[in-house]
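Participant: Once you've had a glance at the structure underneath, I'll fire off some questions.
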Amino acid sequence: MTIEQLAYSVDTFYLLMSAALVMWMAAGFSMLEAGMVRSKNTTEILVKNVLLYSIAGIAYLVIGYRLMYGTPNVETYAQQADFFFQMVFVATAMSIVSGAVAERMKLNSFLLFCLVLTAVIYPVQGSWSWGGGFLSELGFVDFAGSGIVHMAGAAAALAGVLLLGPRQGKYAEDGTSRAIPGANMPLATLGTFILWMGWFGFNGGSQLQLSGTDNANAIALVFVNTNAAAASGALGAFLLVRLKWQKADLTMILNGALAGLVAITAEPSAPTPLIACLIGLGAGVIVVGSILFLDRRGIDDPVGAISVHGVCGLYGLLLVAWTSADANILSQLLGAAAIFSWVFTASLVLWLFLKVTLGIRINASEERIGSDLTDCGVEAYPEFVSSKEN
Amino acid sequence: MTIEQLAYSVDTFYLLMSAALVMWMAAGFSMLEAGMVRSKNTTEILVKNVLLYSIAGIAYLVIGYRLMYGTPNVETYAQQADFFFQMVFVATAMSIVSGAVAERMKLNSFLLFCLVLTAVIYPVQGSWSWGGGFLSELGFVDFAGSGIVHMAGAAAALAGVLLLGPRQGKYAEDGTSRAIPGANMPLATLGTFILWMGWFGFNGGSQLQLSGTDNANAIALVFVNTNAAAASGALGAFLLVRLKWQKADLTMILNGALAGLVAITAEPSAPTPLIACLIGLGAGVIVVGSILFLDRRGIDDPVGAISVHGVCGLYGLLLVAWTSADANILSQLLGAAAIFSWVFTASLVLWLFLKVTLGIRINASEERIGSDLTDCGVEAYPEFVSSKEN
Amino acid sequence: MTIEQLAYSVDTFYLLMSAALVMWMAAGFSMLEAGMVRSKNTTEILVKNVLLYSIAGIAYLVIGYRLMYGTPNVETYAQQADFFFQMVFVATAMSIVSGAVAERMKLNSFLLFCLVLTAVIYPVQGSWSWGGGFLSELGFVDFAGSGIVHMAGAAAALAGVLLLGPRQGKYAEDGTSRAIPGANMPLATLGTFILWMGWFGFNGGSQLQLSGTDNANAIALVFVNTNAAAASGALGAFLLVRLKWQKADLTMILNGALAGLVAITAEPSAPTPLIACLIGLGAGVIVVGSILFLDRRGIDDPVGAISVHGVCGLYGLLLVAWTSADANILSQLLGAAAIFSWVFTASLVLWLFLKVTLGIRINASEERIGSDLTDCGVEAYPEFVSSKEN
Amino acid sequence: MKLIIAIIKPAKLPEVRDALQAAGCKGMTITEVKGFGQQKSHDELYRGAPHHAEFLLKTRLDIAVQSEDADRIVSAIENAARTGNTGDGKVFVLSLEHAVRIRTGETNESAI
Amino acid sequence: MKLIIAIIKPAKLPEVRDALQAAGCKGMTITEVKGFGQQKSHDELYRGAPHHAEFLLKTRLDIAVQSEDADRIVSAIENAARTGNTGDGKVFVLSLEHAVRIRTGETNESAI
Amino acid sequence: MKLIIAIIKPAKLPEVRDALQAAGCKGMTITEVKGFGQQKSHDELYRGAPHHAEFLLKTRLDIAVQSEDADRIVSAIENAARTGNTGDGKVFVLSLEHAVRIRTGETNESAI
Ligand SMILES: Nc1ncnc2c1ncn2[C@@H]1O[C@H](COP(=O)(O)OP(=O)(O)O)[C@@H](O)[C@H]1O
Ligand SMILES: Nc1ncnc2c1ncn2[C@@H]1O[C@H](COP(=O)(O)OP(=O)(O)O)[C@@H](O)[C@H]1O
Ligand SMILES: Nc1ncnc2c1ncn2[C@@H]1O[C@H](COP(=O)(O)OP(=O)(O)O)[C@@H](O)[C@H]1O
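Chains as they are written, first to last, in this note's numbering: chain A, 23 to 412; chain B, 23 to 412; chain C, 23 to 412; chain D, 6 to 117; chain E, 6 to 117; chain F, 6 to 117.
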């Protein structure tokens, strides 16, 4: 065996383990969302999450991967490992959507949207940057996908949420927002920890090569920065809500950690760990502000996905101009604008098409009873007398 | 350091990480089963799962491993890593049993059965194939254990279920089946995701060697195929139940994903990813049919373990004759028959012995009250007023 | 690429994956503790766990790491990987505290304590051994931290518990102990499985180098022994409680598994797997005895952290004198005494300071209502009518 | 005084509560109950087997009122809770002998 | 009319429901309650400490019936719910002044 | 005989139970209910939006007693349950016509 062959094996394994960690994020999104919706819609959000991951995998296999990378010619590690690693990213983008449209979106329409997003919409913009297209030529830097994955997912979600409207009872007649607490805080926390763990694969794997001391050093720094940003994001959100309202709102803290993760994703290999802490801290504060702002504007996003992945994805993209010598603010802005416009517009058209054909919103009585019974035939916790028909 | 020494380290690490992922499947089975039984039997199924993994580990250490492999002479990676990897497989086989006999099996008898299965019954048949015995000489191919692990576990479960009979209230007086919904859908989903993730270790690790580009390529393909089969299994089950009953039955979708995983396990390194999708799709459809069929025959299997692991294990074994040039249908059939007959018969004898000595079924009043209170002294969710004594 | 460079990459990756598994233990502690407290305090314990991991990460980055290791000069793997691996250990130590003081400790004081423990108290004693200080010179052996991490965490917890006193209603007026069952057994079990899995990173990573056949063999043995001790710990606790009270108390079995893990941590690379089984068995028995003993002494530790991590940590430390040729009982005793005295005393002073300034105990009415509503603004399962105000 | 017990569909609780407040009713106590009556639970399928949940989720309201208000309040509940489908529920009226407000010790009319 | 309140062991609900249907009773409302009485909860041990759940899970049935059926139905419940052990529960009968079927507005005899 | 229905703060259950036992009351049935009255639930914030839980958790006790004990027992409940703040709850007394102990078939006075 030559050293190159062994390095090939090692790099393949590194990528496969990273991909397995990202695959695990599908469970993270499932648990987070299952914890943040009401129990009457929990089974249905689980169905959506399992199926979106399944559809993404097949659609990207059959169409998306080729659309994004042409016929990629990976030489230093197994081609299939590359496919697998890229595939779990598209699933992540779609997972972001499910949370934002939760508790009112028709299952069939959601699955069709998932099919098109993962087969076409996501890969098209992915080809512009990671596929070697015009954005990469413009010098747009997005290491692991603050924009390409997270903001893209949030853009698709935003288009859906705008067409769907808020959940019944979310806003009083005078327009003031009402709280609709999620049913299961331990699940939401578990989901966040799963995402946090999976993110080491998400960012750590995006170096794409482990062999060589430079690569190893870079990956180690990526791990440290990823963790630092998440930790500071959680703290930033905590400090803000604790000062503002005394209460330590767990869901905001969880969103803060995720916001830090999203923000650092655009470039986790450049800043020092202390800078990563600052980036995370900022994200934790921004995400709370953004959630409050959108909520007041009538944008009903049960899990805060648009703020976490969209707003903090953009924030992360822009910061790269500061942390990385290879990037400049102009191309970062351009890249962000290009990704957002494309994904948002294409998604809007697709949602609109679904709206006039199949419909995208469950009817009022289904929404009151909960989609678990109407669409799935079984409630998430069928033994508990819950307040589901309130 | 020589390159062989480094390869030795790398291969050892690859096997250890794979084994850790398979160990993690013990948590997956626990959560899946805890979600699929009623809350009054949840603590007890958790006890069984923790203890079966513990007993399997020790029984295989003291007896089983040697019985299966003699004194194995592993040279390209650490001997202990091989033991650990093999050990977590036997635990998987036993985990399959716990689900099928749930809600009515005595704890002590279950644990004694576990001891004998993992110390003797499983290793004996394992020695025929992986241990280099007559099945391997016959050309029987079972890459990661569709038959050796999954169908074997299901055969042991089937013997137990036949002797135990169905749960109280499962069948009306006229023999029609009644639904007994599981208490916690998020747990069942989490369990399935854990299993899905762990399966990358299960199948991915079964190549047993990572070093060398061929090995690396094979492992990467195994990952992709494993995921493709699971995804298509989920979709297959979903499409079938959605068309048949409109409702998107989450538990069937979860069983579909697992069915795809079991089916591909017999040979995940041969088919192309598209073929793997077909295999998974078929498994997803078959598992639903099998669950309905067995249910109507009075075989009460609360989690669908016999269909998922037994029927789809057999299906996977037979398909190898098609996907792999090294296999032929005859030896696959022979292998399946040999494994099934041995495990089923030995288990039946053992269950019978336990039945006439300790008894295998809890008494009617314990079953009504739930084994959590009668056997474990604490309910799974002691604060909730559940409908447990119905 | 040279072989040394590739080994550098491999060792870095090995350490990063191990660290990610240890990071995952933060989720394990969260779930374990969330399952073992009453539902009225569940959100708050989740907040504490997310924030303690966050604070630990930052405090150790800014202060603790340097205090413990000076300016470490790691050469055979990435420096940042070393930092990350060490950092997750300090978080583990702090996680131990949160369980023991659960359901009555003020959030702000807890977080301040966390800051000082992870920035100063833990690193100071860590420098004595792993940092190359006087304990390492004395021949004190603690491979992965039975004492340095686990007993240290338990010492800090004990100091807090002594000052806090028991939860309202834990003891009758005549001093007899009353059971306060945890609200969610599946969560507690999931948490234990997560910890069990994470421990492969904890112990397996502590070899610090994978490259070289000796290292690989050592790590493989560490995996096997770690698992063997956990399995026997679970069995030991089970056998004891089953014989003593008939009932198979799940929480004791979980504590038994963790006790086995803690006990083997002091030296998992020396004993044979059969000896590891004995060590685990002993730990499983000891932990049950210790929990009962402390409970009767009025030391209210809702999750058994002091017994699991403190008592079994000490037990593990002492056993090294028997299992390892490099250790002797005297230096083990000395090391244990030094660590315990320092951490206990420093923590006591700090808790006392917090007590007279901010206060450490929530007031009686907050405790009755539950800190979820009073401190976090949302209950863990807001839809269920629970018995929370009893 | 009367004690009115109303068994209604859970989804109608907001309307009924508003109607009760409009009718001058200042307090009520609600309980989550399960009902059995002419309304049959529609079968769900779970793993292909019919899942016949015989008992349906209902909401029970207990409202203590002055005797002279009873009829008016019963009508208010009826109107707010009616959907016209089976399962709308029942209203029962009992005679209430005595009522106490724990906080103040006030009794009867002034207690409710 | 009478309102019958029965507190029974949860495990006896299926038998009692069947007995009530056999006795011609068309509707009932059930509530999950906890009871306290002569039956003492057997102590469980949780982590070695006695877990004395003072209140035991019981099922409460509220059944509105015609006055002349009351005795028959009370006996039916008694027979179906009896195990002979403490904790079997109680049946209470109250006078019911007025009953309304919300769906139709029918009252009294025709409402129950 | 009387049927006493008390709606109290959940946190007061232990005191009330002790007071009832001291007053010679041998049995009771408790239900978890939600109340609506003068006491307003204090708003919580969840993700920055007010979380106005209109209905507050309360505990309901149903206690069948001999007529001559009723006043004494109502007072015992009042005293044990009072905190002086709104939301302390109510006690209602109904006339109880008939009571049966299922286990023995004993009726009325000897049944409660
Ligand atoms: N005789 C009864 N006693 C007590 N509750 C009853 C009685 N009959 C009906 N109910 C309650 O009223 C609910 C609605 O009754 P149902 O017969 O289904 O509909 P409807 O009253 O519209 O004909 C039932 O679910 C049950 O809770
Ligand atoms: N005086 C009472 N008022 C209301 N409910 C009562 C009363 N006495 C008993 N109960 C209810 O009846 C149940 C059974 O009573 P218990 O004294 O344990 O058994 P038994 O009636 O067989 O002697 C109790 O759990 C409680 O719910
Ligand atoms: N008219 C009523 N009928 C039934 N229950 C009532 C009535 N008024 C109050 N309650 C119950 O009593 C509880 C306390 O009443 P509330 O008005 O808040 O306090 P207070 O009685 O101290 O003024 C309420 O939450 C409700 O459960």
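For every residue, glycine included, the Cβ atom is placed at its ideal position computed from N, Cα and C. The structure displayed is predicted, hence computed values, not measured ones.
(1) Could you tell me the boundaries of the beta strand (DSSP E) in which Val38/E lies?
(2) Among Thr24/C, Met23/C, Phe35/C, which residue has its Cα nearest to the Cα of Gly227/A?
(3) Is the Cβ-Cβ distance between Val32/C and Val59/A less than 8 Å?
(4) Enumerate, from N- to C-terminal direction, the unbroken alpha helix (DSSP H) stretches of 4 or more residues contained entirely within the stretch 68 to 152 of chain C.
(5) Assuming contact is defined by CB atoms lying nearer than 8 Å, are Met47/B and Phe162/B in contact in what I supplied?
(6) How should Glu49/E be labelled, buried or exposed, when 16 other C-beta atoms within 10 angstroms of its C-beta is the threshold for buried?
(7) Report all residues from its chain with a CB closer than 8 Å to the CB of Gly110/D; omit the five preceding and five following residues, and keep chain order.
(8) Counting Cβ pairs closer than 8 Å, one from the stretch 81 to 100 of chain A and one from the stretch 137 to 157 of chain A, do we hit at least three?
(9) Leaving aside the five residues before and after Leu395/B along the sequence, list all residues of the same chain whose C-beta is less than 7 Å from its C-beta, in chain order.
(10) For Ser369/B, which option in Ala178/B, Asn237/B, Asn247/B, Ile67/B has the closest C-alpha, if you only look at C-alpha atoms?
(11) Should Thr273/A be counted as a contact of ligand 2 given a C-beta to heavy atom distance under 7 Å?
(12) Along the stretch 92 to 105 of chain D, where does the CB come closer than 8 Å to a CB of chain B? Name the residues.
(13) Is the closest heavy atom of ligand 3 to the C-beta of Lys269/A under 7 Å?
(14) Going along chain D, which residues have a C-beta under 8 Å from Asn90/F?
(15) Between Ala11/E and ligand 2, is there a pair consisting of the residue's CB and a ligand heavy atom that are separated by less than 7 Å?
(16) Output yes if chain D places a C-beta closer than 8 Å to the C-beta of Ile301/B; else output no.
(17) Who are the Cβ neighbours of Lys74/F in its own chain at under 6 Å, not counting the five residues just before and after it?
(18) Note down, in chain order, each residue of its chain lying with its Cβ closer than 7 Å to the Cβ of Ser393/A, except the 5 sequence neighbours on either side.
(19) Name, please, each residue of chain D whose Cβ falls closer than 7 Å to the Cβ of Trp267/B.
(20) Going by DSSP in three states, Ile216/C sits in which element: helix, strand or coil?
(21) Give the range of the alpha helix (DSSP H) segment to which Thr248/B is assigned.
(22) Using only CA atoms, which one of Ala238/C, Ser291/C, Ala386/C, Leu339/C lies nearest to Ala103/B?
(23) If we call anything under 8 Å between Cβ atoms a contact, is Lys128/B one with Leu336/B?
(24) So, at 6 Å on beta carbons, what are the nonlocal neighbours of Gly302/C in its own chain, with the 5 sequence-adjacent residues on each side left out?
(25) Below 8 Å, can you find three or more Cβ-Cβ pairs linking the stretch 154 to 169 of chain B to the stretch 283 to 291 of chain B?
(26) Once you ignore the five residues that flank Asp397/C on each side, which residues in its own chain have a CB closer than 7 Å to its CB?
(27) Would a check of beta-carbon distances place Ile12/E closer than 8 Å to chain F?
(28) Within 8 Å of any Cβ in chain B, is that where the Cβ of Gly40/D sits?
(29) By Cβ distance, which residues of its chain are closer than 8 Å to Arg318/C, with the 5 residues on each side in sequence left out?
(30) Under a Cβ-count criterion, where at least 16 other Cβ atoms within 10 Å of its own Cβ denotes burial, should Glu195/B be classed as buried or exposed?
(31) Tell me, to the nearest whole angstrom, how far the beta carbon of Leu272/A is from that of Met207/A; I am working on the premise that it is less than 8 Å.
(32) Can a CB atom of chain B be found closer than 8 Å to the CB of Lys45/D?
(33) Reducing DSSP to helix, strand and coil, say where Thr379/A ends up.
(34) On the criterion of 16 or more Cβ atoms from any shown chain inside 10 Å, does Glu411/A qualify as buried, or is it exposed?
(35) Under DSSP, the alpha helix (DSSP H) around Arg77/F begins and ends at which residues?
(36) Which chain B residues are close to Pro55/D, counting only those with a beta carbon under 9 Å from its beta carbon?
Facilitator: Result, derived from the coordinates:
(1) 33 to 41
(2) Phe35/C
(3) no
(4) 87 to 91, 101 to 122, 129 to 138, 144 to 151
(5) no
(6) buried
(7) none
(8) yes
(9) Glu401
(10) Ala178/B
(11) no
(12) none
(13) no
(14) Arg108
(15) no
(16) no
(17) The sequence as given places Asp at residue 74/F; Lys does not occur at that position. If we look at Asp74/F and ignore the five residues flanking it on each side, it has no Cβ neighbours.
(18) Asn63, Glu66, Ile384
(19) Leu50
(20) helix
(21) 235 to 267
(22) Ala238/C
(23) no
(24) Ala251, Ser254, Gly255, Gly282
(25) yes
(26) Glu66, Leu129
(27) yes
(28) no
(29) Ser199
(30) exposed
(31) 6 Å
(32) no
(33) coil
(34) Because the pLDDT of Glu411/A is 38, which lies under 50, any placement of that residue in the model is unreliable, and the number read from its coordinates should be weighed accordingly. So Glu411/A ends up on the buried side.
(35) 75 to 86
(36) Thr198, Ser199, Arg200, Ala201
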